[in-house]
Structure formats: C-alpha cells, structure tokens
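For reference, the structure is listed below as structure tokens.
Protein chains: 2
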Amino acid sequence: MPRGDASAERVCACALDLFSRHGVAGTSLQMIADALGVAKAAVYYRYRTKDDIVRAVLAPAFDAFTTLLDEVELRPVDERAGALVDGLARQAVTHRRLYAVVLGDVSAADLGRRSPDDAAVWLRLRETLAGPAPDDVSRTRAAIFLSGLMGPAVDADVARLDDATLERAVASAGRRILGLPD
Amino acid sequence: MPRGDASAERVCACALDLFSRHGVAGTSLQMIADALGVAKAAVYYRYRTKDDIVRAVLAPAFDAFTTLLDEVELRPVDERAGALVDGLARQAVTHRRLYAVVLGDVSAADLGRRSPDDAAVWLRLRETLAGPAPDDVSRTRAAIFLSGLMGPAVDADVARLDDATLERAVASAGRRILGLPD
Numbered sequence: 001m002p003r004g005d006a007s008a009e010r011v012c013a014c015a016l017d018l019f020s021r022h023g024v025a026g027t028s029l030q031m032i033a034d035a036l037g038v039a040k041a042a043v044y045y046r047y048r049t050k051d052d053i054v055r056a057v058l059a060p061a062f063d064a065f066t067t068l069l070d071e072v073e074l075r076p077v078d079e080r081a082g083a084l085v086d087g088l089a090r091q092a093v094t095h096r097r098l099y100a101v102v103l104g105d106v107s108a109a110d111l112g113r114r115s116p117d118d119a120a121v122w123l124r125l126r127e128t129l130a131g132p133a134p135d136d137v138s139r140t141r142a143a144i145f146l147s148g149l150m151g152p153a154v155d156a157d158v159a160r161l162d163d164a165t166l167e168r169a170v171a172s173a174g175r176r177i178l179g180l181p182d
Numbered sequence: 001m002p003r004g005d006a007s008a009e010r011v012c013a014c015a016l017d018l019f020s021r022h023g024v025a026g027t028s029l030q031m032i033a034d035a036l037g038v039a040k041a042a043v044y045y046r047y048r049t050k051d052d053i054v055r056a057v058l059a060p061a062f063d064a065f066t067t068l069l070d071e072v073e074l075r076p077v078d079e080r081a082g083a084l085v086d087g088l089a090r091q092a093v094t095h096r097r098l099y100a101v102v103l104g105d106v107s108a109a110d111l112g113r114r115s116p117d118d119a120a121v122w123l124r125l126r127e128t129l130a131g132p133a134p135d136d137v138s139r140t141r142a143a144i145f146l147s148g149l150m151g152p153a154v155d156a157d158v159a160r161l162d163d164a165t166l167e168r169a170v171a172s173a174g175r176r177i178l179g180l181p182d
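Taken in order, these protein sequences are the chains called A and B.
Under UniProt numbering, think of the first position of the first sequence as 1, with each following residue one higher.
Under UniProt numbering, think of the first position of the second sequence as 1, with each following residue one higher.
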C-alpha cells in the first residue's frame, strides 16, 4: 500500500497500533498523520477530532458486543450470563490488541463523554453478566470479569497461548467468577 | 499548601491525579509543573524523566505488593494463593485510584522497560496466584484476576460501594476464579 493513503481503514489500523503503544491519551492526530506519511489535513478530512478516531477504532468491538448481546437476549434469562461469558471470551481472544485498548485505556467516564451509545452497551454487558437479580456483589463480579478480559492481552506469557486454550481458560474463569456451571 | 512547592510528595500526588485523568502517556512533565504552579526545572530537580516519576508514583503499590508477598510466603504452600487474593482485594479497595493507574495504564512491557524490579514483583504475584503447580490455565486465571482488580476503580457504579462490601466482593471473585474455597 503506498504511503500517503489516509483511507478510513488505514487511519484506524494505524491509530490502534499507536494507541496500543502510547495509550489513547499519548497519541496525537499529528502522530497518526506522521505514521501514515500524510499531511495532518488528510487525517482531518476524515476525522475532525481524536475522539472521532477513538470511536471509529472501537466501533468493531462495540458492534460485536451489540451483536452478541442481541443473540444472548434471545435465550432464556438464566442462560444469558453464561452465553455472554463464552462470547466475550471468544471475542477477547480473537481481538486481543483491540481489547487491551478498549478495556485498559478507555475508562467508563471517557466512554460516557465520548459516546453515550458505547456507554450504554457497556452497561448492558455488565447488567447481563450480573444476572437476572443483580446486587452489589454480582455487579462487582461482572466488573471484575470485564476488566479481567484484558489480562490475556497485557500479560506477555499468557498472550503466547494459542487461541483455543486461551478462550477456554477465559470462559471458565468468567463462569467461575459469576458462579455459573462450567 | 502554597503553590510553588515541588516536594516529592506533592509531585507524586499531582502526577497520580493527572495520570488518572489523562493516562500516563498523556501526561507531560510540563503538565505536572503547570498543575503544581512551579517551573519545569523545579520538577526536573527531583525527577530527571517522566519514567522516574511513574516509578515514584507506583512505588507505594509495589512496596505493598512486596510486603504482602513476603507475608504470604511464610504460610503453607496451599494457603498462599488465597491469602494473596484477600490481601490484594484489601489493597485494591484502599487504593482504588492508584490501582486503576497501575493495572490499567501500565502494560507488562512498559513495566519491564521502566523497572525490572517491578516486573519481577508482578511475575511473583502472578506465579503465587497460579498456585504450586501452575499451568497455562491457572496462569491465565491469575492474569484475569490481576487485570480484574482494576474493575472496581473504573466502573463508576461499583466504585460507589463502601470499602468493606467491595473488598468482600473482590476477594470472593478472586477465590472463585482460582478455584479456592470462599
């Protein structure tokens, strides 16, 4: 691909790479333009602000969350949390780097500021994981599992595991936290 | 306290506040100096680089990890993981904001680059949590719990819980993940 191409796809791939190395806060539009070999104006042409880029980078994760939640909600109430754990384990393993950025670098407060829609999806994840009769304890467990999903991405030794092993380990950890059958 | 004071304590408190709002990567020495109302040279006088400040901010967490590990290792081997879970739950709740920075914003790779000592402590935490006969699955569970510890800090609803409730919920989640008795 020639340098100088600032397609949406290329900007997002480049931004994710920079976010995972420098953090969201430590990445500027100028750094993205430099890494792409384009003028800052070419990036501005697609995305007016860094928040717009963050939203675009995170969009595939939040789209996948929404699809998964929609599927899970077709099931009986008492099967939903377990099915969501399994689905999140699969996604976390498949998209390790994106998950490390989504879960590690985007605080709930940031999310609300940047996108009320994304914040609503996040709440829906937590509430579904917390089960049909949520209380403080089950909500805490759900929050721990959601944060814990980034563990495999940030732990170098664990990140070396193959996808199938890691997915099983993440799913069984989630089911254990939430007190669901393995 | 008068503006213009760049004591080690004040620099660290100010840096932690900026780290938790802008991320480690998004915070510059200049921002710390501006927030303290001092010249950048006054910050340089204490800390030559931002990495030095990061190490100083994280030091209380890593000192507490080391103290806890030393205590835990006096116990019989099969009690260590559970005792460590309980101790980490207590620390995570007491130092919520520091934990969100330590666990959320400092990748394992960064840690190794910034401080081999801190990286060794982190590995010791993970290995103790993984138990006396660690394998891929138990190491993954340990990594999930360590990342999950920041959940209470980044989830606004959960962060509102009182310390005792949150500590119990975090400890029981950790024991469940690792397959330990509650």
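Even for Gly, the Cβ is constructed at its ideal location relative to N, Cα and C.
Is Asp163 (chain A) close to chain B, meaning its C-beta is less than 8 Å from at least one C-beta of that chain? For the purposes of this step, residue 163 (chain A) is taken as the residue at position 163 of the first sequence. Asp163 (chain A) is outside the set of residues whose beta carbon lies under 8 Å from a beta carbon in chain B.
Can you list, in chain order, the residues of its chain whose CB lies under 8 Å from that of Arg126 (chain B), leaving out five sequence neighbours each side? What you label residue 126 (chain B) is simply residue 126 of the second sequence in a count that begins at 1. Counting only Cβ-Cβ distances below 8 Å, and skipping sequence neighbours, we find Arg139, Ala142, Ala143 and Leu146.
Just to confirm, are Leu18 (chain A) and Met31 (chain A) a CB contact at a threshold of 8 Å? Position 18 of the first sequence, counted from the first residue, corresponds to residue 18 (chain A). Position 31 of the first sequence, counted from the first residue, corresponds to residue 31 (chain A). Closer than 8 Å, so yes.
According to DSSP, is Ser28 (chain A) part of a helix, a strand, or is it coil? Position 28 of the first sequence, counted from the first residue, corresponds to residue 28 (chain A). Reduced to three states, the DSSP call for Ser28 (chain A) is coil.
How far does the alpha helix (DSSP H) with Pro116 (chain A) in it extend, from its first residue to its last? Position 116 of the first sequence, counted from the first residue, corresponds to residue 116 (chain A). Per DSSP, Pro116 (chain A) belongs to the alpha helix (DSSP H) from Pro116 to Ala130.
Nearest candidate by alpha-carbon position, reference Ile177 (chain A), set A:Ala119, A:Ala133, A:Ala81 and A:Thr67: For the purposes of this step, residue 177 (chain A) is taken as the residue at position 177 of the first sequence. If we check each option's Cα against that of Ile177 (chain A), A:Ala81 comes out closest.
May I ask whether a heavy atom of the ligand ATP can be found less than 7 Å away from the beta carbon of Phe62 (chain B)? Among the ligands in the structure shown, none appear at all, so the ligand ATP cannot be discussed.
Buried versus exposed, by CB contacts within 10 Å (16 or more), Leu180 (chain B): As a working note, residue 180 (chain B) is residue 180 in the second sequence. Flag for Leu180 (chain B) reads buried.
Say whether chain A places a C-beta atom closer than 8 Å to the C-beta of Val101 (chain B). Translated into the one-based positions of the second sequence, residue 101 (chain B) becomes position 101. Judged by the 8 Å Cβ criterion, Val101 (chain B) is not in contact with chain A.
Which of helix, strand or coil DSSP assigns to Ser147 (chain B): Numbered from 1 along the second sequence, position 147 holds the residue referred to as residue 147 (chain B). Ser147 (chain B) sits in a helix when the DSSP states are folded into three classes.
Can you tell me the Cβ-Cβ gap for Leu98 (chain A) and Pro60 (chain A), rounded? I've got them flagged as a contact below 8 Å. One-based indexing of the first sequence puts residue 98 (chain A) at position 98. One-based indexing of the first sequence puts residue 60 (chain A) at position 60. A Cβ-Cβ separation of about 7 Å places Leu98 (chain A) in contact with Pro60 (chain A) under the 8 Å criterion.
What residue from B:Asp118, B:Asp5 and B:Leu84 has the CA that sits closest to Ala56 (chain B)'s CA? Counting from 1 along the second sequence, the entry for residue 56 (chain B) is found at position 56. Ala56 (chain B) has its Cα closest to that of B:Asp118, out of B:Asp118, B:Asp5 and B:Leu84.
Contact between the segment 68-84 of chain B and the segment 36-56 of chain B: three or more CB pairs below 8 Å? Output reads no: the segment 36-56 of chain B does not touch the segment 68-84 of chain B.
I'd like to know if Thr140 (chain A) contacts chain B, where contact means its C-beta is closer than 8 Å to some C-beta of that chain. For this step, residue 140 (chain A) is matched to residue 140 along the first sequence. Using beta-carbon distances, Thr140 (chain A) counts as an interface residue toward chain B, with a partner under 8 Å.
Neighbouring residues, chain A, relative to Leu146 (chain B) (Cβ below 7 Å): In the second sequence, the residue the question calls residue 146 (chain B) occupies position 146. Simply Gly151.
Listing by chain order, which chain A residues have their CB less than 8 Å from the CB of Val137 (chain B)? In the second sequence, residue 137 (chain B) corresponds to position 137, counting from 1. What Val137 (chain B) touches in chain A: Thr165, Arg168, Ala169 and Ser172.
Report the rounded CA-to-CA distance for Ala171 (chain A) versus Tyr45 (chain A), giving the unit in angstroms. Position 171 of the first sequence, counted from the start, is the residue given in the question as residue 171 (chain A). Position 45 of the first sequence, counted from the start, is the residue given in the question as residue 45 (chain A). Cα to Cα, Ala171 (chain A) sits roughly 41 Å from Tyr45 (chain A).
Output needed for Asp163 (chain A): all residues of its chain with C-beta closer than 8 Å, excluding positions within five of it in sequence on either side, in chain order. As a position in the first sequence, residue 163 (chain A) is number 163, starting the count at 1. Contacts found: Val93 and Thr94.
Alpha helix (DSSP H) containing His22 (chain B): first to last residue? Translated into positions along the second sequence, residue 22 (chain B) becomes position 22. Residues Ala8 to His22.
Looking only at its own chain, which residues have a Cβ that is under 8 Å from the Cβ of residue 185 (chain B), when we skip the five neighbours before and after it? Nothing in the structure corresponds to residue 185 (chain B), since chain B is present only between 1 and 182.
Contact belief for Leu36 (chain B) with Ala83 (chain B) at Cβ below 8 Å, rounded distance in angstroms: Start at 1 with the first residue of the second sequence, and residue 36 (chain B) comes out as number 36. Start at 1 with the first residue of the second sequence, and residue 83 (chain B) comes out as number 83. Wrong, their Cβ atoms sit about 39 Å apart, outside the cutoff.
Which whole-angstrom value describes the C-beta separation of Met150 (chain A) and Ala89 (chain A), a residue pair presumed to lie in contact below a C-beta threshold of 8 Å? On the first sequence, residue 150 (chain A) is found 150 positions in, with the first residue counted as 1. On the first sequence, residue 89 (chain A) is found 89 positions in, with the first residue counted as 1. 12 Å between Cβ atoms; not a contact.
Residues near Cys14 (chain B) by beta carbon distance below 7 Å, same chain, minus five either side: As a first step, residue 14 (chain B) must be located in the second sequence, where it is residue number 14. The answer, listed in chain order, is Ile32, Ala35 and Leu36.
By the DSSP assignment, the alpha helix (DSSP H) with Glu71 (chain B) in it spans what residues? Looking up residue 71 (chain B) in the second sequence gives position 71. Looking at the DSSP string, the run of the alpha helix (DSSP H) that includes Glu71 (chain B) is Lys50 to Val72.
CB-CB under 7 Å to Asp63 (chain B), same chain, minus the five flanking residues each way: which ones, in chain order? Residue mapping note: residue 63 (chain B) aligns to position 63 of the second sequence, counting from 1. No residues qualify anywhere along the chain.
Cα-Cα separation between Asp182 (chain B) and Leu68 (chain A), rounded to whole angstroms: For this step, residue 182 (chain B) is matched to residue 182 along the second sequence. For this step, residue 68 (chain A) is matched to residue 68 along the first sequence. Distance from the CA of Asp182 (chain B) to the CA of Leu68 (chain A), rounded to the nearest whole angstrom, comes to 31 Å.
For Val137 (chain A) and Ala156 (chain B), which I take to be in contact (beta-carbon distance under 8 Å), what is that distance rounded to the nearest angstrom? If you number the first sequence from 1, residue 137 (chain A) lands on position 137. If you number the second sequence from 1, residue 156 (chain B) lands on position 156. Actually they do not touch by this definition, with Cβ atoms about 17 Å apart.
Please name the residues in the UniProt domain "HTH tetR-type" (5-65) of chain A whose beta-carbon is closer than 8 Å to at least one beta-carbon of chain B, in chain order. Against chain B - using a Cβ distance shorter than 8 Å - the residues of the UniProt domain "HTH tetR-type" (5-65) of chain A are His22, Gly23, Val24, Ala25, Gly26 and Thr27.
Euclidean distance between Cα positions of Ala42 (chain A) and Arg21 (chain A): If you number the first sequence from 1, residue 42 (chain A) lands on position 42. If you number the first sequence from 1, residue 21 (chain A) lands on position 21. Separation of Ala42 (chain A) and Arg21 (chain A) (C-alpha to C-alpha, rounded to the nearest whole angstrom) is 23 Å.
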